[in-house]
Amino acid sequence: MGQTRGRRRDKKEKKKIEQEQDDLELAFEEVNNTSSQGDWEGSFGTAPADQTSSGQSRQAAFFGLLDRQELEYFKSAESTLAANALTADEKVAFVENVFEESKGKELKLVTNQVCSKLFERLVMLANDDQLIYLLKSISGHVFVLSLQKYSSHCVETLLWKSAGLVEREVRKEANYTMSDEIVSAEMLIVFLVNELRPHVSEMAKEKYSSHVLRLILLLLAGLSLGNDPALRSKKSRKAREYTDMDAVGDLDQRQVPSTFTEASNEILTDLTQGLDSSKARNLAIDPLTSPLYQVVVRIQSSRSYFTFVDLCLTGEGSEAFYQHTTSDAVGTHFLQSCLMSLPRKKLLNIYQTRFKGNLVKMACSDNGNFVVQSLLKSKLGPKNEVVAELLSETPKILAENQVQVVRTMLQAGEPAQKAEIYKLIIQRYGSVAELLLSNDLQKALLLQDLVTQPQYLQEAGKALTYEIITSKATDPVQSHVLEAILRPEMEIVERRRILNIVVPLVADLAANAYGSHLVDKLWPFCFKLKFVRERIATELSKHEETLKKSNYGKMVWKNWKLDKYLHSRKEWYNIVKEHEDSLRETVNEPPAPRANGKAKPRPRINHKKPYDRPETKAN
1 MGQTRGRRRD
11 KKEKKKIEQE
21 QDDLELAFEE
31 VNNTSSQGDW
41 EGSFGTAPAD
51 QTSSGQSRQA
61 AFFGLLDRQE
71 LEYFKSAEST
81 LAANALTADE
91 KVAFVENVFE
101 ESKGKELKLV
111 TNQVCSKLFE
121 RLVMLANDDQ
131 LIYLLKSISG
141 HVFVLSLQKY
151 SSHCVETLLW
161 KSAGLVEREV
171 RKEANYTMSD
181 EIVSAEMLIV
191 FLVNELRPHV
201 SEMAKEKYSS
211 HVLRLILLLL
221 AGLSLGNDPA
231 LRSKKSRKAR
241 EYTDMDAVGD
251 LDQRQVPSTF
261 TEASNEILTD
271 LTQGLDSSKA
281 RNLAIDPLTS
291 PLYQVVVRIQ
301 SSRSYFTFVD
311 LCLTGEGSEA
321 FYQHTTSDAV
331 GTHFLQSCLM
341 SLPRKKLLNI
351 YQTRFKGNLV
361 KMACSDNGNF
371 VVQSLLKSKL
381 GPKNEVVAEL
391 LSETPKILAE
401 NQVQVVRTML
411 QAGEPAQKAE
421 IYKLIIQRYG
431 SVAELLLSND
441 LQKALLLQDL
451 VTQPQYLQEA
461 GKALTYEIIT
471 SKATDPVQSH
481 VLEAILRPEM
491 EIVERRRILN
501 IVVPLVADLA
511 ANAYGSHLVD
521 KLWPFCFKLK
531 FVRERIATEL
541 SKHEETLKKS
551 NYGKMVWKNW
561 KLDKYLHSRK
571 EWYNIVKEHE
581 DSLRETVNEP
591 PAPRANGKAK
601 PRPRINHKKP
611 YDRPETKAN
């Protein structure tokens, strides 16, 4: 209903400030230690030897160090941008000044632990001219930058943002304002690819450069650059949340120039040339190379010729490979990617020859269950057949605690199949009330699915008591169960009973990280309960000072429109009316009958008309 908020924001901000201070101290220590070891050779020398994945020694790239004053300036700039307190015009001017100050120092910034964060922020805020300049600044050094931890992130972010610029160039919408001749982003990226081509095989086996190579392949193919687990590790995604990557890479398909298709084919050839089935399968199950070759499978999925996936999944030894991948964590990820990408003909062939008849066993295993889920999620997969094979064994799958498989079956199945699955869930656990009493995570997830059905929603509503509500309302997991139950589709009698329990608790819940979401859910839950809604608004208004001191309370205050409730009650009622009108379709409530655009008036009783008494006969 209202805006969402981070439940652990205060803690994360405090942790972030401490981390940034540690980063700055570490950077200063780096400057001092390096200076004491003697001068480096020239502006581009070599750092201490690093180890490759193959155990060979390589000299790490070194582009010089920032002095202490420069480091303090860039650190301050990063903190200013992180605070996000500048107006739009102030931010543009500030970024322009930082760009001017950083010119000629870009390579020093990207290889510095602290300043690499600033570089990524600059990339995300750069205009088209500045983006071209940054692409030029790393040209010729992309390979060595891709091998280093911090600079590889900067290269990824720059490529990520450049994807949008390339598409704008294709559409003739790029906004270049510089007077001198502009080299297009297309040309710079093609040049970058040509620089990397001699090193593709090596990059595929390196920890950081393999991430860069995956992103380049997706960029060249015009595929989504979203926050894909195959693209970045969980740790990497968490560490770089501040760059807001998804705002730039959320399109499923991008327009790319023909030169990108050619460059993509060249890299794919470099990655697959000379491979036999044995080598291909080893690459598919290797923790470093497997994510890269999952991207290769995605790009080659529409190709009719013999592809990497054919090397892995067909021919001699393929049966043993299937058995290994369904029991291995890395192999399972690769097989999932194949099932989600393959054309229907190949997918059905794999299902018929490898999986049919073995699905129950796979669904009950720790790794194989993910393959079954991918079969159910695939748009081209035989969903109904898979659900039909698993349906009768649903209790066994639940007994093995593979709840997510059952939930995926509910998403993929036909209405009749879903109804049968719901019955089997209830048979397994007894009743909705028993599920509601449990604090188990898996049961909580199942209950959230069950209450989407009217009959189970009513049962859950009747089972809610004061004790259950108070125990679950502030729990990180169980509060989601209550949120799922508090639906306006519930019968009005039960909703009124539940609201009478909750009203005295709303002030405390509104200031809680989890309970505040529950209070937000009460807004639609009060459908057609005008007086109860007013009681909640009044109760919250009594604690205005307390709520406005809490980040969560502020959001509840805003979502319940309590300023209007206190100062413009008529406008608040209008907002409530608009909201309830929009809810009528959701809860299948027929609109009030209307005539000529107005509500149909009720017949009026003429109270002034004298009562006609029957005549009585005189004695």
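Taking the UniProt record's numbering, I'd label the letters of the sequence shown as residues 1 to 619. All residues carry an ideal CB built from backbone N, CA and C; glycine is no exception.
Under a three-way DSSP split, which group does residue 63 fall into?
coil
Restricting to runs no shorter than 4 residues, where is the alpha helix (DSSP H) found entirely within the region 518 to 555?
530 to 542, 544 to 548
So, using beta-carbon positions, are residue 510 and residue 502 closer together than 7 angstroms?
no
Beta-bridge partners of residue 283, as assigned by DSSP:
Bridge partners of residue 283: none, in fact.
Does the distance from the C-beta atom of residue 335 to that of residue 214 stay below 7 angstroms?
no
Are the CB atoms of residue 264 and residue 221 nearer to each other than 7 angstroms?
yes
Which parts of the region 312 to 374 are runs of the alpha helix (DSSP H), unbroken and 4 residues or longer, counting only runs that do not cross its ends?
318 to 325, 329 to 341, 344 to 350, 359 to 363
Within the region 433 to 503, ranges of the beta strand (DSSP E) (whole runs, at least 3 residues)
none
Taking the straight line between their C-alpha atoms, what separation do you get for residue 469 and residue 345?
51 angstroms
Less than 7 angstroms between C-beta atoms, sequence neighbours within five positions excluded: which residues of the same chain meet that for residue 4?
Per-residue confidence for residue 4 stands at a pLDDT of 47, beneath the threshold of 50, marking its modelled position as unreliable; the derived number appears in the next sentence. Closer than 7 angstroms at the Cβ level, and outside the excluded window around residue 4, lies no residue.
Got a sec? Which residues, its chain only, sit under 8 angstroms from residue 361 by beta carbon, not counting five neighbours each side?
368
Member of 163, 430, 426, 110 whose CA lies at the smallest distance from the CA of residue 132:
163
Buried or exposed: which applies to residue 449, given that a residue is buried once 16 or more other Cβ atoms fall within 10 Å of its Cβ?
buried
Beta-carbon contacts of residue 297 that lie in its chain and below 7 angstroms, excluding the five residues immediately before and after
308, 309, 337, 338, 341
As a quick exercise: from 398, 400, 347, 268, pick the residue whose alpha carbon is nearest that of residue 376.
347
Expressed to the nearest angstrom, what Euclidean distance is found between the alpha-carbon atoms of residue 620 and residue 140?
The question about residue 620 has no answer, for the chain in this structure spans 1 to 619.
Reference residue 516, options 129, 473, 111, 103, closest by Cα:
473
One question on the structure: do residue 583 and residue 488 come within less than 7 angstroms of each other, judged by their Cβ atoms?
yes
Contact check, residue 565 vs residue 541 under 8 angstroms by CB: the rounded distance?
7 angstroms
Report the rounded CA-to-CA distance for residue 83 versus residue 158, giving the unit in angstroms.
22 angstroms
Is it true that the region 99 to 118 meets the region 164 to 173, where meeting means three or more beta-carbon pairs spaced less than 8 angstroms apart?
no
Quick one: grab the DSSP three-state call for residue 176.
coil
Straight-line Cα distance separating residue 106 from residue 100:
11 angstroms
Pop quiz: residue 285 and residue 325 are said to be a contact at Cβ under 8 angstroms. What is the actual Cβ separation, rounded to whole angstroms?
7 angstroms
So what's residue 557 in DSSP terms, helix, strand or just coil?
helix
Determine the closest residue to residue 440 out of 401, 555, 318, 456, with distance taken between C-alpha atoms.
401
Whose C-beta lies closer than 6 angstroms to the C-beta of residue 526 among residues of the same chain, with five residues either side of it excluded?
532, 533
Helix or strand or just coil, what does DSSP make of residue 79?
helix
Buried or exposed, going by whether 16 or more other CB atoms sit within 10 Å of the CB of residue 317?
exposed
Taking residue 146 and residue 152 to be in contact with their CB atoms under 8 angstroms, please state how far apart those CB atoms are, rounded to whole angstroms.
5 angstroms
Start-to-end residues for the alpha helix (DSSP H) that takes in residue 430:
Neither: residue 430 is in no alpha helix (DSSP H) and is coded neither H nor E.
Quick one, are the C-beta atoms of residue 507 and residue 552 less than 7 angstroms apart?
no
Bounding residues of the alpha helix (DSSP H) (the contiguous stretch that carries residue 562)
562 to 567
Check residue 295 in the structure and name its three-state DSSP category.
helix
Alpha carbon to alpha carbon, how far is residue 543 from residue 436?
31 angstroms
Residue 287, buried or exposed, once every other Cβ within 10 Å from all chains shown has been counted against 16
exposed
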